[in-house]
Amino acid sequence: MNTREMFKRAVAGGYAIPAFNFNTMEQMQAIVMAAVETKSPVIMQVSKGARNYANGTILRYMAEGAVAYAKELGCEHPEIVLHLDHGDSFELCKECIDNGFSSVMIDGSSLPYEENIALAKKVVDYAHQFDVTVEAELGVLAGVEDEVAAAESHYTKPEEVIDFSTRTGCDSLAISIGTSHGAHKFTPEQCTLVNGVLVPPPLAFDILHEIEKKLPGFPIVLHGSSSVPMEEVNTINQYGGHLEAAIGIPEEQLREASKSAVCKINIDSDSRLAMTAAIRKHLAEHPGDFDPRQYLKPARENMKKMYIHKIVNVLGSDGKLAQC
Ligand code: G3H
Ligand code: 13P
Ligand code: ZN
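Numbering of the sequence shown is given in this note's numbering, commencing with residue 5 and proceeding in unit increments.
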């Protein structure tokens, strides 16, 4: 299914739909199990990097398999979107639309304003012929967005959002209010030390609220929303990893954002951390194991636990299926 009805209900209901990236079968299984157990709609998203790693055709059929698997797990009416994350060209978006994706993102955020509009509109015009929904982005996140590099972030300008959404016809808008991709979202110098914990600067909720006023009820998307759980980082480091100064977005802020027009929250890094922590721990404790199933099973369990936590305790999308 596409995102249209899903987002309408999420904005009205004051919760956000989880958008989890997947590259492997174990991630896909963990996402489906978590969504079924919590009766949550879910967006399964695939980046250009994921397509290069796992092959676009395989991922597309894995998503079809995800729907069948959800039904097999007892969910008669699963709500699963297959979404292209950070599409960087019309051609890539078209290929995904032609191959059965129900939603795509065109990320022209690093382009000049008028070029971003022209590219997004071209994708929207094509996608809407097939009832595929389109996410566009205005404002630039800090860090690296797939191959779209941005040295510093530029918050979304509220005065541009009406013009941008009207002229592109996009179905949802990704904005920049202080989140960023990866596990190192802030430097320790940018944070304040509170009870031994580094607390990053708050998200720009004033900008979010201004955008909401300009576009009442319009679906807003937050990228770069991993919280980088300290227990996973500590496990990785305890069992031979070396992750220094990994800092994410505090979950209370994501909880607050979920209650607003933010109706899609993107999480990828937390899944990577949960998987790596479980694999490192398992292999350190069982040095004789060499069957991948022995360490991928706890990795899948740990990701599932993380996905359920996000759905229930952060985004509030549990129990929000239209029909169970
Ligand atoms: O926003 C980026 C996502 O986390 C995807 O990352 O390009 O490494 O697959 P990736
Ligand atoms: P994180 O790196 O914070 O998980 O963000 C993922 C994302 O925005 C995918 O588009
Ligand atoms: Zn992103």
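Don't be surprised by glycine CBs; every beta carbon is placed ideally from N, CA and C.
1) Does at least one heavy atom of the ligand G3H sit under 7 Å from the Cβ of D92?
2) Is any heavy atom of the ligand 13P found at a distance shorter than 7 Å from the C-beta of H227?
3) Use the C-beta contact count for V85: other C-beta atoms within 10 angstroms, 16 or more gives buried, fewer gives exposed.
4) Identify whether H188 lies in helix, strand or coil by the three-state DSSP scheme.
5) Quick one: any contact between the stretch 198–205 and the stretch 164–181, if contact means 3 or more CB pairs under 8 Å?
6) Output the residue ranges of the alpha helix (DSSP H) runs that lie fully inside the stretch 290–316 and measure 4 residues or longer, sorted by chain position.
7) Going by DSSP, what residue range makes up the alpha helix (DSSP H) through C100?
8) What three-state label does DSSP hand P220 in the structure shown?
9) Measure the Cβ-Cβ separation of L287 and P233 and say whether it is below 8 Å.
10) In the DSSP assignment, find the unbroken alpha helix (DSSP H) run with L123 in it and report its ends.
11) Give the C-beta separation of K314 and I271 to the nearest angstrom, bearing in mind that I take them to be a contact with Cβ-Cβ under 8 Å.
12) On the three-pair Cβ rule with 8 Å, is the stretch 258–267 touching the stretch 293–312?
13) Within 10 Å of its beta-carbon, does F222 have 16 or more other beta-carbons around it, so buried, or fewer, so exposed?
14) T280: which of I240, L123, L247, Q298 sits nearest, CA to CA?
Walking through what the data contain:
1) no
2) yes
3) buried
4) strand
5) no
6) 296–313
7) 94–102
8) coil
9) no
10) 117–132
11) 6 Å
12) no
13) buried
14) I240
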